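Presented below is the structure to which this report refers.
In this note's numbering, the protein residues as written are 251 to 432.
Here it is as structure tokens:
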């Protein structure tokens with residue numbers, strides 16, 4: 251049944267596809283880590299938690315990528331658009347965009363090149379440093395970002411069934427894990 255749904259999704263209308271993907275997400279959501287990786291042998295609970303974080307990050311990124319693909323965007327392109335929106339209408343240089351990226355190893359100049367080709371951002375020489383270029387969102391970029399963010403938010407509402415208090419606790423634990431505890 252699951253394979254049939256994945257096969258039929260590209261054939262169906264966009265709204266139907268989103269609903270089908272949501273069904274698949276819900277199926278995947280219910281899978282415990284042990285089932286997903288087909289192992290129940292862990293060194294200790296911290297080892298299991300670490301694997302669970304890695305698996306969950308992959309799972310979230312995979313689900314979001316499917317939605318972003320409908321808008322012709324990759325995760326990294328979406329991240330750049332969001333960063334630029336945070337400073338809009340100001341312009342940002344590549345270095346400033348790079349330091350705000352979720353995936354620090356992203357090739358930001360190349361991502362920007364692709365967004366320029368899609369006419370979602372525009373590039374110009376920096377008014378303060380002629381060796382540098384700055385980037386800003388276009389109206390088309392703002393529109394694509396708004397539409398894709400709406401779909402991503404809808405996906406998150408469907409997938410992540412968590413109360414605000416639980417989300418706050420999770421954020422505290424994740425920040426502690428990264429060593430940024432207050």
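Each residue gets a CB set at the ideal place from its N, CA and C atoms; glycine is no exception.
Remember, it's a predicted structure, so these values are computed and weren't measured experimentally.
Residues that residue i bridges to, as DSSP identifies them
i	result
residue 422	Paired residue(s): none; residue 422 is not in a bridge.
residue 384	343, 374
Length of the line joining the Cα atoms of residue i and residue j
i	j	result
residue 422	residue 414	12 Å
residue 405	residue 395	15 Å
residue 289	residue 409	24 Å
residue 331	residue 387	7 Å
residue 305	residue 416	19 Å
residue 354	residue 372	22 Å
residue 411	residue 385	37 Å
residue 315	residue 324	7 Å
residue 275	residue 313	With a pLDDT of only 46 at residue 275, under 50, the local geometry of the prediction cannot be trusted, and no value is derived from it.
residue 370	residue 339	14 Å
residue 320	residue 311	15 Å
Residues near residue i in its chain [Cβ-Cβ closer than 6 Å; skip 5 each side]
i	result
residue 382	343, 376
residue 292	298
Spatial neighbours of residue i in its chain, beta-carbon cut-off 7 Å, leaving aside the 5 residues before and after
i	result
residue 364	327
residue 361	326, 327, 330
Same chain only: Cβ atoms within 8 Å of residue i, ignoring 5 sequence neighbours per side
i	result
residue 351	326, 329, 330, 333, 358
>> Between the region 328 to 342 and the region 373 to 393, can you find at least three pairs of beta-carbon atoms closer than 8 Å?
In response: yes
> For the region 280 to 324, which segments carrying the alpha helix (DSSP H) assignment without a break, of at least 4 residues, lie completely within its bounds, in sequence order?
Replying inline: 283 to 287, 295 to 319
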